[in-house]
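Novice: Handing you this structure, nothing more for now.
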Amino acid sequence: MRAITVPKPGGPDALVWADVPDPEPGPGEVLVEVRASAVNRADLLQRQGLYPPPAGAPAYPGLECSGVVGAVGPGVTGWEVGQEVCALLSGGGYAERVAVPAGQLLPVPAGVDVVDAAALPEVACTVWSNVVRLAGLRAGETLLVHGGGSGIGTFAIQLGAALGATVLTTARAGKHDRLRELGAAYAIDYREQDFVAEVRRRTDGRGADVILDIMGASYLDRNVTALATGGRLVVIGMQGGRKAELDLGALLTKRATVAATALRSRPPEEKAEIVRGVWDEVWPLIEAGKIRPVVDHRLPMAEAATAHRMVEGDHVGKVLLTTR
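Just so we're aligned: the sequence shown equals residues 1 to 324 in the UniProt record's numbering.
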């Protein structure tokens, strides 16, 4: 088969479309004939040599894919050759085929094109596991989503709105109309506005009940300030740095919680549990039309370098790489 390889870490041009050995599904695995994969920030870091795949994962980038079942390994039940699926991966999505643990497989939701389904697994699992399972977002609460124009952000806005929360988001001004269409009650221009002041203004001074943050260190102090009493801050990215000082006094006063999580490094059984929750709780919302994949561009897999430049630049939603 062919796959995107990284012979030497570097910029987007380090990505090479090359011939590689075919994968074989082992016990408990399913072979997926890939129709599309999606570009995630983790792929950019892996390309630069900063985020190697976990032990045992394929060396190629790609944390999610969609396609059809090509073969079923020993001990697998419930999946059939030819069935349209999408999958959460530890790596290997930038390829024509990938072997996936059966517990990380999802059916393509009714009403969603098989190519566009590649935009769903990573964001759905990340957002649901953090915003719903960990932070416990409830109807009537306020959710603040940083980076609203990203793949994570566009999904979190939709899921929060579908669950009955009031969603606030930060993004460049040019993206605000799109984000309001997805369900954001108010969009904050992080370049021109103080998001803490805007959150207080939009919540009558109470603050946000849940904050989903991709920035990390540079936003930590302001995020704690923006939390409501009993609020929950979940950090899932470090685009703004790794280390910052945390005011425990402010946290204690608000009886607030700060958590930080990663998805890729979790063991297969934990990923399978998350995938099952997404299948049970999120897939019905997609099939009901309350959440949809948000796709900025679709490019041939061989043009992965161009796709990485798009993700490093200005986009809304996901950039997909297709094998056909």
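C-beta: ideal position from N, C-alpha, C; glycine also.
Who are the Cβ neighbours of residue 297 in its own chain at under 8 Å, not counting the five residues just before and after it?
Specialist: Within the sequence shown, the letter at position 297 stands for residue 297. Cβ neighbours of residue 297 beyond the five flanking positions: 307, 310, 315, 319 and 320.
Novice: Where does residue 231 fall in DSSP's three states?
Specialist: Working through the sequence shown from its first residue, we reach residue 231 at position 231. Strand, per DSSP.
Novice: If you draw a straight line from the C-alpha of residue 288 to the C-alpha of residue 149, how long is it?
Specialist: Taking the sequence shown and counting its residues from 1, the one referred to as residue 288 is at position 288. Taking the sequence shown and counting its residues from 1, the one referred to as residue 149 is at position 149. When rounded, the distance between both Cα atoms is 23 Å.
Novice: Out of curiosity, what's the CA-to-CA distance linking residue 313 and residue 71?
Specialist: Mapped onto the sequence shown, residue 313 falls at position 313. Mapped onto the sequence shown, residue 71 falls at position 71. For residue 313 and residue 71, the distance between alpha carbons rounds to 38 Å.
Novice: Who does residue 315 pair with in a DSSP beta bridge?
Specialist: As a position in the sequence shown, residue 315 is number 315, starting the count at 1. Residue 315 pairs with nothing; no bridge assigned.
Novice: Within 10 angstroms of the Cβ of residue 89, are there 16 or more other Cβ atoms? Answer buried if so, exposed if not.
Specialist: By one-based count along the sequence shown, residue 89 stands at place 89. Classification for residue 89: buried.
Novice: Do the region 270-282 and the region 93-106 make contact, defined as three or more Cβ pairs closer than 8 Å?
Specialist: Verdict: yes, contact present.
Novice: With a cut-off of 8 Å, do at least 3 Cβ pairs link the region 168-187 to the region 235-246?
Specialist: Judged by Cβ distances under 8 Å, the region 168-187 makes no contact with the region 235-246, as fewer than three pairs qualify.
Novice: Applying the criterion that 16 or more other CB atoms from any shown protein chain within 10 Å of the CB defines a buried residue, is residue 80 buried or exposed?
Specialist: Within the sequence shown, residue 80 is the residue found at index 80, counting from 1. Flag for residue 80 reads exposed.
Novice: To the nearest angstrom, how far is it from the Cα of residue 210 to the Cα of residue 87?
Specialist: The count along the sequence shown starts at 1 and reaches residue 210 at position 210. The count along the sequence shown starts at 1 and reaches residue 87 at position 87. Taking the straight line from one Cα to the other gives about 27 Å.
Novice: Taking the alpha-carbon positions, what's the residue 45 to residue 214 distance?
Specialist: For the purposes of this step, residue 45 is identified with residue 45 of the sequence shown, where counting begins at 1. For the purposes of this step, residue 214 is identified with residue 214 of the sequence shown, where counting begins at 1. Approximately 14 Å, taken between the alpha carbons.
Novice: How is the alpha helix (DSSP H) around residue 278 delimited, first residue to last?
Specialist: Position 278 of the sequence shown, counting from 1, holds the residue named residue 278. Here the alpha helix (DSSP H) through residue 278 covers 268-281.
Novice: Could you give the uninterrupted runs of the alpha helix (DSSP H) lying entirely in the region 136-181, keeping only those of 4 residues or more?
Specialist: The qualifying runs are 151-162.
Novice: Taking the alpha-carbon positions, what's the residue 187 to residue 38 distance?
Specialist: Taking the sequence shown and counting its residues from 1, one reaches residue 187 at position 187. Taking the sequence shown and counting its residues from 1, one reaches residue 38 at position 38. Answer to the nearest angstrom: the Cα atoms are 25 Å apart.
Novice: Check whether the Cβ atoms of residue 235 and residue 199 sit closer than 9 Å, and answer yes or no.
Specialist: Numbered from 1 along the sequence shown, position 235 holds the residue referred to as residue 235. Numbered from 1 along the sequence shown, position 199 holds the residue referred to as residue 199. No.
Novice: Below 8 Å on the Cβ atoms is my contact criterion, and I expect residue 99 with residue 29 to pass it. Report the Cβ-Cβ distance as a whole number of Å.
Specialist: Taking the first residue of the sequence shown as position 1, residue 99 is located at position 99. Taking the first residue of the sequence shown as position 1, residue 29 is located at position 29. Rounded, the Cβ-Cβ distance is 5 Å, consistent with contact.
Novice: How close, in whole Å, do the beta carbons of residue 229 and residue 36 come, if the pair is a contact with beta carbons under 8 Å?
Specialist: For the purposes of this step, residue 229 is taken as residue 229 along the sequence shown, with counting starting at 1. For the purposes of this step, residue 36 is taken as residue 36 along the sequence shown, with counting starting at 1. Not quite, the Cβ-Cβ distance comes to about 44 Å (not below 8 Å), so this is no contact.
Novice: Ends of the alpha helix (DSSP H) at residue 189?
Specialist: The sequence position of residue 189 within the sequence shown is 189, counting from 1. Run containing residue 189: none in the alpha helix (DSSP H); it sits in the beta strand (DSSP E), 186-189.
Novice: Just the Cα atoms here: how many angstroms apart are residue 96 and residue 58?
Specialist: What you label residue 96 is simply residue 96 of the sequence shown in a count that begins at 1. What you label residue 58 is simply residue 58 of the sequence shown in a count that begins at 1. Cα to Cα, residue 96 sits roughly 13 Å from residue 58.
Novice: If distances are taken between C-alpha atoms only, which option among 254, 122 and 217 comes closest to residue 225?
Specialist: By 1-based counting over the sequence shown, the position of residue 225 is 225. For residue 225, the nearest C-alpha among the options comes from 254.
Novice: Tell me the residue span of the alpha helix (DSSP H) that contains residue 133.
Specialist: Residue 133 sits at position 133 when you count from the first residue of the sequence shown. First-last for residue 133: undefined, no H or E at that position.
Novice: My parser needs the alpha helix (DSSP H) runs of 4 or more residues fully inside the region 13-84; what are they?
Specialist: The qualifying runs are 41-47.
Novice: Please determine, among 265, 160, 25 and 138, the residue with the shortest C-alpha to C-alpha distance to residue 53.
Specialist: Position 53 of the sequence shown, counted from the start, is the residue given in the question as residue 53. The residue with the shortest Cα to Cα distance from residue 53 is 265.
Novice: I'd like the span of the beta strand (DSSP E) that includes residue 209, first residue to last.
Specialist: The sequence position of residue 209 within the sequence shown is 209, counting from 1. Unbroken beta strand (DSSP E) run through residue 209: 208-213.
Novice: Span of the alpha helix (DSSP H) holding residue 325?
Specialist: Residue coverage of the chain in this structure runs from 1 to 324, which leaves residue 325 outside it and unanswerable.
Novice: Residues in its own chain within less than 7 Å of residue 185 by CB, not counting five upstream and five downstream?
Specialist: The residue you call residue 185 lines up with position 185 of the sequence shown. Hits under 7 Å: 166, 167 and 168.
Novice: What residue from 63, 23 and 144 has the CA that sits closest to residue 42's CA?
Specialist: Taking the sequence shown and counting its residues from 1, the one referred to as residue 42 is at position 42. The candidate whose alpha carbon is nearest that of residue 42 is 63.
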